[in-house]
Amino acid sequence: MSFLSGKNVILGISGGIAAYKSPLIVRLLKKRNCNVRVVMTPSAKDFVSPLTLSTLSENDVLSTFTSDDENNKKWNNHVSVAKWADLFIIAPATSNTISSMVSAKCDNLLIATYLSCTVDVYIAPSMDLDMYENAANQNNIDTLIKLGKKVLPVGIGYLASGLEGKGRMLEAEEIIQYIENDLSKNLPLYGKKVLITAGPTYESIDPIRFIGNRSSGKMGFELAKRAAELGSHVFLFSGPTSLDINNSSIEIIRVNNSDEMLEKVMTRYDKMDIVISAAAISDFKSKKVLSNKIKRKEKSINLEFVPTKDILEHMGKRKKNQFLLGFALETENEIENSLLKLKNKNLDAIVLNLFNNDNLVFGSEDNKVTYIRSKNDITHFSMKSKRLVAVDIFNQILSEYA
């Protein structure tokens with residue numbers, strides 16, 4: 017999920033040749049689930065069609081203080097548009113527009129909307145080399161920066177005048193990436209590394225069969241998504257599951273069995289800030305893995321099982337400054353057994369999955385959990401989607417980790 021997801025964004029477009037890039041900016045914002053309203057200067061319409069922008073944004077494009085329909089003339093309220101926004105992007109921002117922003121010369125709807133806006137403003141300059149480097153223009157840019165506006169760098173390359181150098185507006189993808197990176201810095205887990213285990217492990221009996229469990233991995237994957245939303249870089253160690261996540265902040269490492277999980281997790285463990293063990297690791301494995309498939313003609317078979325290595329115990333013993341959260345699934349003496357695991361594994365907290373006919377946990381879209389820090393610090397949550405359970409869990413983590 018993008019850090020822009022769900023935001024109300026105003027895209028201001030001024031009259032420069034780089035306005036041809038603005039439809040792609042709108043498209044990228046919509047792809048990130050943003051609500052987009054476009055405000056143009058009158059001269060911007062010479063470079064890009066309002067119809068194109070209206071079609072892509074799914075909203076009327078505003079460019080004048082009143083509508084153009086003579087039979088139904090109405091006021092385009094720049095104040096209400098400004099108050100609607102969570103974010104204001106001005107791209108391209110010409111030298112003239114930048115000058116008007118600094119001097120508060122309110123001669124068009126774009127500047128009026130900008131002056132009424134109290135949210136973060138991102139400005140993508142676009143002009144020719146000598147115009148960009150002109151001392152007055154640089155002073156204006158410095159003034160905007162001092163006022164707390166986010167002025168993006170310009171590109172270097174071939175310009176519309178035929179010159180080469182500074183002044184080219186960044187590409188649409190670069191603008192969006194810059195904004196996403198900047199927004200992430202305000203998130204509570206920005207710069208933190210989070211390790212999460214998810215899913216089952218499969219312990220082989222022969223080349224075909226294995227011992228496993230019904231874990232789907234959904235809870236661990238939702239935790240990974242939430243950790244990324246909060247600004248962290250996530251290392252998600254997943255047992256066999258069909259789930260996937262397309263997020264540049266989440267690195268998925270696939271494993272099959274408990275030995276692989278232990279080996280790969282512990283290579284990353286020491287450098288992590290938060291570790292969440294949500295995987296359903298097999299407690300036992302076959303002492304011997306047969307080299308050939310067990311045939312049906314065998315009247316009976318005897319398998320000897322041995323305990324797997326306790327990954328959470330390994331983590332607890334090596335814990336330094338990491339916040340270590342474990343999961344427990346119990347069918348009896350739930351709180352007592354969870355408190356014992358909390359103490360014996362050297363955990364900071366433990367999440368208890370309540371397994372019963374009303375909460376099957378495995379494969380379900382919903383879950384009901386209890387967050388336990390100590391005998392006297394237990395928080396019970398109601399049944400809800402695993403996405404919302406992940407939100408609850410991270411709210412608990414942040415309340416003590418920060």
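For any residue, its number in the numbering used here is found by taking its place in the sequence shown, counting from 1, and adding 16. Note that beta-carbon positions come from the ideal geometry of N, C-alpha and C, so glycine has one too. Remember, predicted model here, so these are calculated numbers, not experimental data.
Under a three-way DSSP split, which group does residue i fall into?
i: L168; result: coil
i: D146; result: helix
i: R312; result: coil
i: A109; result: strand
i: L341; result: strand
i: S298; result: coil
i: N229; result: coil
i: K209; result: strand
i: P39; result: helix
i: L199; result: helix
i: A214; result: strand
i: K182; result: strand
i: E219; result: strand
i: N375; result: Bear in mind that a pLDDT of 48 at N375, under 50, signals an unreliable position, so the number given afterwards is only what the model happens to contain. Reduced to three states, the DSSP call for N375 is strand.
i: A120; result: coil
i: D102; result: coil
i: S293; result: strand
i: E267; result: strand
i: I317; result: coil
i: N156; result: helix
i: V135; result: coil
i: I33; result: helix
i: S307; result: coil
i: G173; result: strand
i: G247; result: coil
i: I224; result: coil
i: I192; result: helix
Measuring only the C-alpha atoms, how far is residue i from residue j?
i: P169; j: L246; result: 26 angstroms
i: I227; j: S274; result: 11 angstroms
i: K357; j: E279; result: 22 angstroms
i: F19; j: K90; result: 35 angstroms
i: S293; j: T213; result: 5 angstroms
i: F237; j: R312; result: 38 angstroms
i: H249; j: L363; result: 22 angstroms
i: I297; j: P216; result: 6 angstroms
i: L414; j: L340; result: 13 angstroms
i: M399; j: M235; result: 13 angstroms
i: N24; j: L103; result: 6 angstroms
i: S200; j: G31; result: 31 angstroms
i: V95; j: S132; result: 6 angstroms
i: G332; j: S354; result: 15 angstroms
i: L319; j: D326; result: 21 angstroms
i: L345; j: L67; result: 56 angstroms
i: N229; j: E196; result: 39 angstroms
i: G129; j: S390; result: One point to set straight first is that residue 129 is Thr, not Gly, in the sequence displayed. Roughly 52 angstroms separates the two Cα atoms.
i: V137; j: I106; result: 8 angstroms
i: T395; j: K361; result: 20 angstroms
i: N92; j: P141; result: 26 angstroms
i: F81; j: G28; result: 14 angstroms
i: I266; j: L160; result: 35 angstroms
i: K208; j: E314; result: 54 angstroms
i: N375; j: E352; result: Because the pLDDT of N375 is 48, which lies under 50, any placement of that residue in the model is unreliable, and the question is left without a value.
i: K121; j: A243; result: 44 angstroms
How would you label residue i, buried or exposed, when you count the other beta carbons within 10 angstroms and need 16 or more for buried?
i: D144; result: buried
i: T110; result: buried
i: P58; result: exposed
i: Y218; result: buried
i: K301; result: buried
i: N49; result: exposed
i: K402; result: buried
i: I317; result: exposed
i: G183; result: buried
i: K56; result: According to the sequence shown, residue 56 is Met rather than Lys. M56 is buried by the Cβ-count criterion.
i: G342; result: buried
To which residues of the same chain is residue i closer than 8 angstroms at the C-beta, ignoring the five residues directly before and after it?
i: F397; result: K384, V385, T386, Y387, V405 and D408
i: K359; result: none
By Cβ distance, which residues of its chain are closer than 7 angstroms to residue i, with the 5 residues on each side in sequence left out?
i: K309; result: D222, P223 and I224
i: S70; result: D76 and V77
i: N156; result: I114, S115 and V118
i: P8; result: This structure gives no information on residue 8, because the portion of the chain shown stretches from 17 to 418.
i: L40; result: A188
i: Y36; result: F63 and V64
i: D393; result: none
i: K11; result: There is no way to answer for residue 11, as the model of the chain reaches only from 17 to 418.
i: K165; result: V137 and I139
i: R270; result: S254
Keeping to the same chain, check which residues put their C-beta closer than 6 angstroms to that of residue i; ignore five residues upstream and five downstream.
i: Q412; result: Y387
i: F73; result: For the record, residue 73 in the displayed sequence is Ser; it is not Phe. V42, V52 and V54, listed in sequence order.
i: L259; result: G233 and F237
_Extract the residue ranges of the beta strand (DSSP E) inside the region 48-91, only unbroken runs of 3 or more that lie entirely within it._
51-56
*What are the start and end residues of each continuous alpha helix (DSSP H) run of 4 or more residues lying completely inside the region 344-416, in chain order?*
List check, alpha helix (DSSP H) in window: 350-360.
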